[in-house]
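Engineer: One structure follows; several queries about it will come next.
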Amino acid sequence: MANTPDYSYPPMEKRKVIGQRYKRLDGPAKSSGRGKYSSDVKPPDMLFGAYLHCPHAHAKVTAIDTADAEKIPGVKAVHVAAPAGTEINWQGWEVAAVAATTEEIAREAALHIKVDYEVLPHLVKDDDLAQAGARAKQGGERVVGDPDKAFQDADAVSEGNYGIPVVYHCCLEPHGQVIQWKPGTDADNKGDQIHVWPSTQNVPDYAASLSQNLKVPATNIKVRMDYIGGGFGSKFTPDAWAIVGANLSKKAGGRPVKLFLDRAPELLIAGNRPSAYAKIKVGGKKDGTITAWQTESWGSGGFQPVNPPAQPYTYANVPNIREIRTTVSLNGGTQRAWRAPGNQQASYLTCCAIEDFAAKIGMDPLEVFKANAQYAARTGAADTYRYQLDKAAELAEWKKLWHPRGQSGSGTIKRGMGVAIGSWNGNGHRSQCRTVINPDGSVSVEIGSQDLGTGTRTIITQVAAESLGLQMGQIKLVIGNNDLPPDGGSGGSTTVGGVSTSTRKASINALMKLFEACAPSLGAQPEELEAVDGHIRVKGSPNKSLTWTAACRKLGATSISEMGAHNGQAIPGLVTGGAAGVQIADVSVDTETGIVKINRYVAVHDCGMVINPRLAESQVYGAVIMGISTALYEERIMDRETGKTLNPDMEFYKLAGIGDIGNIVVHMDIREENDKRGVIGLGEPPAVPICAAVGNAVTNAIGMRVPRIPMTPAHVLNTLEGRNA
Amino acid sequence: MGIGSGALGTGVLEKQAPAAPASVMGPGPVPITLNLNGKPVELTVEPRVTLVDALRNYLDLTGAKRVCDRGTCGACTVIMGGKTVYACTVLAIDAQGKDIQTIEGLATGNALHPVSQAFWDNDAQQCGYCTPGFVMACKGFLDEHPNCTEEDVKHGLGGNLCRCGTYMGVRKAALQAARAMKGGTKNG
Numbered sequence: 002m003a004n005t006p007d008y009s010y011p012p013m014e015k016r017k018v019i020g021q022r023y024k025r026l027d028g029p030a031k032s033s034g035r036g037k038y039s040s041d042v043k044p045p046d047m048l049f050g051a052y053l054h055c056p057h058a059h060a061k062v063t064a065i066d067t068a069d070a071e072k073i074p075g076v077k078a079v080h081v082a083a084p085a086g087t088e089i090n091w092q093g094w095e096v097a098a099v100a101a102t103t104e105e106i107a108r109e110a111a112l113h114i115k116v117d118y119e120v121l122p123h124l125v126k127d128d129d130l131a132q133a134g135a136r137a138k139q140g141g142e143r144v145v146g147d148p149d150k151a152f153q154d155a156d157a158v159s160e161g162n163y164g165i166p167v168v169y170h171c172c173l174e175p176h177g178q179v180i181q182w183k184p185g186t187d188a189d190n191k192g193d194q195i196h197v198w199p200s201t202q203n204v205p206d207y208a209a210s211l212s213q214n215l216k217v218p219a220t221n222i223k224v225r226m227d228y229i230g231g232g233f234g235s236k237f238t239p240d241a242w243a244i245v246g247a248n249l250s251k252k253a254g255g256r257p258v259k260l261f262l263d264r265a266p267e268l269l270i271a272g273n274r275p276s277a278y279a280k281i282k283v284g285g286k287k288d289g290t291i292t293a294w295q296t297e298s299w300g301s302g303g304f305q306p307v308n309p310p311a312q313p314y315t316y317a318n319v320p321n322i323r324e325i326r327t328t329v330s331l332n333g334g335t336q337r338a339w340r341a342p343g344n345q346q347a348s349y350l351t352c353c354a355i356e357d358f359a360a361k362i363g364m365d366p367l368e369v370f371k372a373n374a375q376y377a378a379r380t381g382a383a384d385t386y387r388y389q390l391d392k393a394a395e396l397a398e399w400k401k402l403w404h405p406r407g408q409s410g411s412g413t414i415k416r417g418m419g420v421a422i423g424s425w426n427g428n429g430h431r432s433q434c435r436t437v438i439n440p441d442g443s444v445s446v447e448i449g450s451q452d453l454g455t456g457t458r459t460i461i462t463q464v465a466a467e468s469l470g471l472q473m474g475q476i477k478l479v480i481g482n483n484d485l486p487p488d489g490g491s492g493g494s495t496t497v498g499g500v501s502t503s504t505r506k507a508s509i510n511a512l513m514k515l516f517e518a519c520a521p522s523l524g525a526q527p528e529e530l531e532a533v534d535g536h537i538r539v540k541g542s543p544n545k546s547l548t549w550t551a552a553c554r555k556l557g558a559t560s561i562s563e564m565g566a567h568n569g570q571a572i573p574g575l576v577t578g579g580a581a582g583v584q585i586a587d588v589s590v591d592t593e594t595g596i597v598k599i600n601r602y603v604a605v606h607d608c609g610m611v612i613n614p615r616l617a618e619s620q621v622y623g624a625v626i627m628g629i630s631t632a633l634y635e636e637r638i639m640d641r642e643t644g645k646t647l648n649p650d651m652e653f654y655k656l657a658g659i660g661d662i663g664n665i666v667v668h669m670d671i672r673e674e675n676d677k678r679g680v681i682g683l684g685e686p687p688a689v690p691i692c693a694a695v696g697n698a699v700t701n702a703i704g705m706r707v708p709r710i711p712m713t714p715a716h717v718l719n720t721l722e723g724r725n726a
Numbered sequence: 144m145g146i147g148s149g150a151l152g153t154g155v156l157e158k159q160a161p162a163a164p165a166s167v168m169g170p171g172p173v174p175i176t177l178n179l180n181g182k183p184v185e186l187t188v189e190p191r192v193t194l195v196d197a198l199r200n201y202l203d204l205t206g207a208k209r210v211c212d213r214g215t216c217g218a219c220t221v222i223m224g225g226k227t228v229y230a231c232t233v234l235a236i237d238a239q240g241k242d243i244q245t246i247e248g249l250a251t252g253n254a255l256h257p258v259s260q261a262f263w264d265n266d267a268q269q270c271g272y273c274t275p276g277f278v279m280a281c282k283g284f285l286d287e288h289p290n291c292t293e294e295d296v297k298h299g300l301g302g303n304l305c306r307c308g309t310y311m312g313v314r315k316a317a318l319q320a321a322r323a324m325k326g327g328t329k330n331g
């Protein structure tokens, strides 16, 4: 090719497919129930797996006997995951597993495995750091500037205690897979073969990861997943259950085994969001400018140490900071990335402390957030925050509805407003895509990605259609298996940037080949051609054109197959990172019952170039609803004495329902100055500020800081009645 | 949340099924017949097998999902005897003799049922794992409340939970489906 192709997108007003509100392509498969999730797959001769889990928070396995289980008719394989001598560090730990001809037999057989435990002392609660003893480890002190002098010089200093608990991902489709480990009996291929249908956020890297554990070459591992029932950061690796499932399959002579977690272990062992608690002191001027920040924070991500996130959040460039962070090791399931890991906690702690400072100096917190926007860590973000704060205030009728803290009338129902901010990177991940143009005019786009329900299928197809001048229905998209060009895992809001860039490049590269093939018959040079509305035509001479079909016929018998790659680095105009968001909660609090209701919730977000506003809005709605659920209801509750989790189910681990979320107003900040930055991921940023906005709104309503999320009746009434610890 | 309202609103607590046949069956597998989507289907299951497990594990009807398995989340919702039920809290053996409609029996041919269409049109699905249950709950709700308001929808569909947060779309979808189904036949 003579010149490097121009991959830049057409200007906003000239785009025909990108920017349109297409319905998601997999909508019919999902809303008709026809879509097959990995937990729906049932290959011939499939066995059902069942786990036996440890009931103790801390114990040692002293003996394990599987003989009775193995004798049960229908049992085909038993696997011990925690042999005698294993120290178990949290409730729900996988001890053994069974594969049997029916699920009923597998479950019953698992209960016939005899395990003797030596129960050991446990620690399961971290809300009171003083009780953590040696299980608490200080992460050191971080000092910026001269915080002592800055606090002395401050016009006002506010102080507060805040806490945000461990919450679960609670993916509706549990973790697990159907897996088959076939011995290599084929004369031409003696290597063992593995077929696996996992529920994973990472199809492309799954085989390599599994290969290390099973010692089967990655080339012999076939991974396929069409749909996933939620991941939210908790489903990146094959996990122990893939290895156990594979071993059960091997022991059972290569029959496929289905091993998915039941609901209780799904919550106990398949990931959670770490807790974070803090004492925060904020100093500043009467005009709202913050000059000094001090945080003493602690939290737990389970048994392994995980420090609470750094403070202050987003407004990180406060000139004088002292921070001490401490991690507590608990006998609880291990944390995993939870939709913007660390950010809900950080946003909650920081934005509540800023609101408390605003109350201390008697200033509107929205103005205080604006007055400190210059501390936003990302270059150029300050103006975005000021704009979005004003936009959110307008949509929430802040000027009309906000009142100074506690001045909410004499009735028992108090209304309050709260604001909070969030940020996220969301740069695109590495990605490869293949675009194939066939002589009959058909087009396929192949990419080893996965669609978590974020709309990945739809946006890839939009980018390809836009690039080729075609309609959505003319593109056949293939994703979801590891024979395809490798993409990255869907985490960190990196998918949309990765797949859009590789798809754009592959499609433009393929189009250039098509231009070369049909340029002679148009009497033009390839670089003089363009693809518009299903035609290849000479730029500036629309009457010199070929239909798409006629143009593709010029290929003779040979299809075009071109790759496009994205290496993960930002490319101006195509893909970058750095998204901002401002959210405002409008709540009513019943001071007699402690019940908090959301009236209206406003979310304003930018994410660079928006490929599909409908799907982008759905991401924001979804993130806000998930966030409202965590702000009002969700909390892992542990029993100090027995070490057991009291609510590993969906009855007492509460999720918000359709009537619990108020009216949500989403505003996508689609402006040319954002658009020209390129594509930025959106899955996580809108999930960040909700706990803070709701917490601030409740505080504004009742006139007292309710320190701990969730804003349950118990927490609200404790504050109203002076029972905070 | 909304558990109680969901259960009441969708009829789980009303008109409980009569007791199982008088003859003692099990604990081993027994032959049963389910009237599924208008056709009798014979299968052999242990009496402890729930309706959702029978559908998914024995009949490969996987639209209904098993999520909480304890009558809370609604992902396994089917319509039995004209009422929406959580298929995880009904034993397959007790479901005999009743007309059972699953999402597989909702549409005619390849066309989407108006409820499924409305869910697609209003982006009332993301990962989609709760969606079949939500669609069936919505169908059952609209059969009984064809003139519902948005407030009615918030109560009537309170027995189904979604983790991706599609409720704003579900509210719109239910109202669109209500309009589309006007004049249609009950259970049609």
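Protein chains in written order, with the working numbering: chain P, 2 to 726; chain U, 144 to 331. Idealized CB from N, CA, C, for every residue including glycine. The structure displayed is predicted, hence computed values, not measured ones.
1) Cβ closer than 9 Å: which chain P residues qualify as neighbours of Leu177/U?
2) Assign Gln181/P to one of three DSSP states: helix, strand, or coil.
3) Between which two residues does the alpha helix (DSSP H) carrying Gly498/P extend?
4) Which residue or residues does DSSP assign as beta-bridge partners of Gly609/P?
5) Here's the rule I'm using: 16 or more other beta-carbon atoms within 10 Å means buried, otherwise exposed. How should His716/P be labelled?
6) I need the straight-line Cα distance from Pro56/P to Trp91/P, nearest angstrom please.
7) Looking at Cys742/P: is its Cβ nearer than 8 Å to the Cβ of Gly161/P?
8) Is Thr550/P buried or exposed, if buried means 16 or more other CB atoms sit within 10 Å of its CB?
9) In whole angstroms, what separates the C-alpha of Thr328/P from that of Val533/P?
10) Label Gly169/U either buried or exposed according to how many other C-beta atoms from any shown protein chain fall within 10 Å of its C-beta, with 16 as the threshold for buried.
11) Taking a contact to mean a Cβ-Cβ separation below 8 Å, would you say Thr592/P touches Leu721/P in this structure?
12) Quick one: list the residues of chain U neighbouring Asp263/P, beta-carbon separation under 8 Å, in chain order.
13) When DSSP labels each residue in this structure, what does Pro714/P get in the three-state scheme?
14) Tell me whether the beta-carbon of Ile629/P lies closer than 8 Å to the beta-carbon of Gln345/P.
15) Please determine if the region 452-461 of chain P and the region 493-505 of chain P are in contact, where contact requires at least 3 C-beta pairs separated by less than 8 Å.
16) Just the chain P side, please: which residues come within less than 8 Å of Arg189/U by C-beta, in chain order?
17) Using a beta-carbon distance below 8 Å, is Ile243/U in contact with chain P?
18) Could you tell me which chain U residues have their CB closer than 8 Å to the CB of Ala51/P, listed as they occur along the chain?
19) May I ask which residues mark the beginning and end of the alpha helix (DSSP H) holding Cys281/U?
20) Kindly list the residues whose CB is nearer than 8 Å to the CB of Asn265/U, restricted to its own chain and excluding five residues on each side of it in sequence; keep chain order.
21) What do you get for Gly86/P, buried or exposed, if any count of 16 or more other CB atoms within 10 angstroms of its CB means buried?
22) So, with DSSP's three-state summary, where would you put Tyr310/U?
23) Please check the pair Val179/P and Lys259/P, which I expect to be a contact at CB under 8 Å, by giving their CB distance rounded to whole angstroms.
24) Within the chosen definition, does the region 674-694 of chain P reach the region 318-336 of chain P through at least 3 CB pairs nearer than 8 Å?
25) My parser needs the alpha helix (DSSP H) runs of 4 or more residues fully inside the region 240-268 of chain P; what are they?
26) In three-state DSSP terms, what is Lys15/P?
27) Going by the beta-carbon positions, is the gap between Gly429/P and Gly569/P smaller than 8 Å?
28) With burial defined as no fewer than 16 other Cβ atoms inside 10 Å of the residue's Cβ, what is the status of Thr502/P: buried or exposed?
29) Give a yes or no on whether the minimum CB-CB distance between Pro29/P and chain U is below 8 Å.
30) By the 10 Å Cβ neighbour count, where 16 or more other Cβ atoms means buried, how is Gly524/P classified, buried or exposed?
31) On the premise that Ala372/P lies in contact with Pro148/P, defined as a C-beta separation below 8 Å, what is that separation, rounded to the nearest angstrom?
32) Do the region 403-412 of chain P and the region 386-393 of chain P touch if we need at least three Cβ pairs shorter than 8 Å?
33) Out of Ser522/P, Asp670/P and Ile659/P, point me to the one whose CA is closest to Gly301/U's CA.
34) Could you please give the first and the last residue of the uninterrupted alpha helix (DSSP H) stretch that includes Phe49/P?
35) Helix, strand or coil for Trp549/P, going by three-state DSSP, please let me know.
36) Within 10 Å of its beta-carbon, does Glu447/P have 16 or more other beta-carbons around it, so buried, or fewer, so exposed?
Structural biologist: On the basis of the coordinates in this document:
1) Under the 9 Å cutoff, chain P gives no residues; its nearest Cβ is about 17 Å from Leu177/U.
2) strand
3) Thr496 to Leu523
4) Val680/P
5) buried
6) 9 Å
7) Outside the displayed range of chain P (2 to 726) lies residue 742/P, so it cannot be described from this structure.
8) exposed
9) 58 Å
10) exposed
11) yes
12) Asp212
13) helix
14) no
15) yes
16) According to the sequence shown, residue 189/U is Glu rather than Arg. The contacting residues are Thr103 and Glu105.
17) no
18) Ordered by position in chain U, no residue passes the 8 Å Cβ test against Ala51/P, which lies about 12 Å from the chain.
19) Thr274 to Glu287
20) Gly312, Val313, Lys315, Ala316 and Gln319
21) exposed
22) helix
23) 5 Å
24) no
25) 240-252
26) helix
27) yes
28) buried
29) yes
30) exposed
31) Not really, about 19 Å apart at Cβ, beyond 8 Å.
32) no
33) Ile659/P
34) Counting along the chain, Phe49/P falls outside any alpha helix (DSSP H), though it belongs to the beta strand (DSSP E) covering Leu48 to His54.
35) helix
36) buried
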